[in-house]
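J.: Read in our numbering, the sequence shown has 28 at position 44, and its numbers run on one by one without any break.
I am attaching a structure below and will ask some questions about it afterwards.
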Amino acid sequence: MRADPLRFLDAELEALKQQGLYRRLRVLEDEQKAKTTFDHRQVVNLSSNNYLGLTTHPTLRERALEATRTLGVGSGSVRTIAGTMAIHMELERRLAEFKKTEAVVVFQSGFAANAGTVAAVLTKDDVVVSDELNHASIIDGARLSRATVKVFPHKDVDGARKILRGLPAGQRSLLITDGVFSMDGDLGALPELCALAEEFGCIMMVDDAHASGVFGKNGRGTIDHFDVHGRVDIQVGTLSKAFGALGGYVAGSRSLIEFLYHRARPFLFSTSHPPAVAATCLGAIDVLMQEPQIIDRLWENTRFFKAGLAGLGFNTGLSESPITPVIAGEGALAMKLSDRLFEEGVFAQGIAFPTVARDKARVRTIVTATHTREELQFALDTFAKVGRELGII
Ligand SMILES: Cc1ncc(COP(=O)(O)O)c(C=O)c1O
């Protein structure tokens, strides 16, 4: 019998177990909502990116069902062959209007949007100047592009300036930051970085995955929040988090979008969304425009929960968004905190090295617009109990 050539993977998995980094997937047995059931346990859910509760919004649910009834379940092709349906074009038109840009291209995910765009726009002769905490999809896109990657310390605008100053005159470069950093919940230094991009003539790109539907008027993102419209050449947003469905998009000039139609590999070589996904995202735009009070509720809940955690004495870092880390320190302690919270009825995912620095392991909490005050108070009481038990507060 042939020896299994993948046997080495068992050793890799064993090493993860030894380092306490092996994670079993938690299984959601109900809908993705504020209080739900994972692994047979009912929990207050502080782990989803479902900021506005749109995964179960009646309008979105109805739009998905209607699109399935009238347009079927699949697009059947990549966008560039037979898979561009009228509803895909409608979504791109509506998103461009929403983002106040000339045009938008929709990808299958935010990951595909970031990686596909960076890899398409840059060549091996170019330079990417990237915040050290930027998302993995940006890093992968940069690797695929074969451009030189230069990393500046987190939010260190002077650090970015130093790198740009050291580049040869006329060097094409892309300056890139997350709008909201996914592990710490802090905001990218958009106004300062836009000024830098203007000074050095670089392409300015912002990954606004966690800001889409959360920051700015009607959830238009950090570009709107900081009022830097027209100063960010490439805006990436996601449809997978606050929008409640799935997908990513790039907003920018008509030329950028036309170019990505021709060169972005996930667009060219991977099948487009089922019509129900596009219809759901159109429904999400309608909800953001017609029910902006949902975003207000998200922020009221965010303020309440952050104040509660800080009042208990937890280290919650420098978050400015509904993402609030509860920093425990060492990886094993963060995982223990997460496990004990779960046993007590609160789901907040533990996150350790290499996703975050070794001494900054944490549980990450994300409140949503649809959490009730009672649910948030229960979560705070549980954090207090478990935090004291583990000596974190
Ligand atoms: C900062 C950031 N960018 C991009 C993505 C990818 O978005 P999506 O889940 O739509 O692929 C994520 C999500 O994990 C993210 O946190």
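Even glycine gets a Cβ: it sits at the ideal position worked out from N, Cα and C.
These numbers were taken from a predicted model, which means no experiment stands behind them.
Report yes if the C-beta distance between Val271 and Gly231 is below 8 Å; otherwise report no.
T.: It is not a contact, given that the beta carbons lie outside the stated cut-off.
J.: Give the C-beta separation of Glu86 and Ser237 to the nearest angstrom, bearing in mind that I take them to be a contact with Cβ-Cβ under 8 Å.
T.: About 5 Å; that satisfies the 8 Å criterion.
J.: What residue range is occupied by the uninterrupted beta strand (DSSP E) comprising Leu159?
T.: Per DSSP, Leu159 belongs to the beta strand (DSSP E) from Ser157 to Asp162.
J.: With respect to 7 Å, is the separation between the Cβ of Phe326 and the closest non-hydrogen atom of ligand 1 below this value?
T.: No, the beta carbon of Phe326 sits no closer than 7 Å to any heavy atom of ligand 1.
J.: What first and last residue would you give for the alpha helix (DSSP H) that runs through Pro250?
T.: Where Pro250 is concerned, the enclosing alpha helix (DSSP H) stretches over Arg249 to Phe253.
J.: For Gln219, which option in Ala179, Phe253, Leu79 and Thr354 has the closest C-alpha, if you only look at C-alpha atoms?
T.: Measuring from the Cα of Gln219, the nearest candidate turns out to be Leu79.
J.: Helix, strand or coil: which one does DSSP assign to Gly150?
T.: Three-state result, Gly150: coil.
J.: Count the other CB atoms within 10 Å of the CB of Ser239; is the residue buried (16 or more) or exposed (fewer)?
T.: So Ser239 counts as exposed.
J.: Between Asp162 and ligand 1, is the CB less than 7 Å from at least one heavy atom?
T.: Answer for Asp162: yes, Cβ within range of ligand 1.
J.: Taking Gln148 and Val113 to be in contact with their CB atoms under 8 Å, please state how far apart those CB atoms are, rounded to whole angstroms.
T.: The amino acid occupying residue 148 in the given sequence is Leu; Gln does not appear at that position. At roughly 6 Å, the Cβ-Cβ gap stays under 8 Å, so Leu148 and Val113 are in contact.
J.: Got a list of residues with beta-carbon closer than 6 Å to any non-hydrogen atom of ligand 1, in chain order?
T.: Result (chain order): Ser93, Gly94, Phe95, Asn98, His119, Ser121, Asp162, Ser166, Asp191, Ala193, His194, Thr222, Ser224 and Gly232.
J.: Could you give the distance in angstroms between the alpha-carbon of Lys225 and the alpha-carbon of Ser254?
T.: Answer to the nearest angstrom: the Cα atoms are 21 Å apart.
J.: If you draw a straight line from the C-alpha of Thr39 to the C-alpha of Asp343, how long is it?
T.: Computed Cα separation, rounded: 34 Å.
J.: Within 10 angstroms of its Cβ, does Leu364 collect 16 or more other Cβ (buried), or is it exposed?
T.: Classification for Leu364: buried.
J.: Write down every uninterrupted run of the beta strand (DSSP E) in the region 248 to 328 whose length is 3 residues or greater and which is fully enclosed by it, in chain order.
T.: Fully enclosed beta strand (DSSP E) runs of 3 or longer: 307 to 313.
J.: Taking DSSP's pairing of strands, which residues face Tyr233 in a bridge?
T.: In the DSSP output, where bridge partners are listed per residue, Tyr233 has Val90 and Gly221.
J.: Around the Cβ of Met167, are there at least 16 other Cβ atoms within 10 angstroms (buried) or fewer (exposed)?
T.: It is buried - the Cβ of Met167 has at least 16 other Cβ atoms within 10 Å.
J.: Starting from the N-terminal side, write out each stretch of the beta strand (DSSP E) that is 3 residues or longer and does not extend beyond the region 16 to 62.
T.: As far as the region 16 to 62 is concerned, its whole beta strand (DSSP E) runs of at least 3 residues are 19 to 22 and 25 to 29.
J.: Restricting to Cα atoms, I'd like to know which of Cys265, Asn118, Ala131 and Leu151 is closest to Asp140.
T.: The shortest C-alpha separation from Asp140 is found at Asn118.
J.: Identify every residue that forms a DSSP beta bridge with Lys134.
T.: According to DSSP, Lys134 bridges with Val113.
J.: What first and last residue would you give for the beta strand (DSSP E) that runs through Thr349?
T.: Unbroken beta strand (DSSP E) run through Thr349: Ala345 to Ile350.
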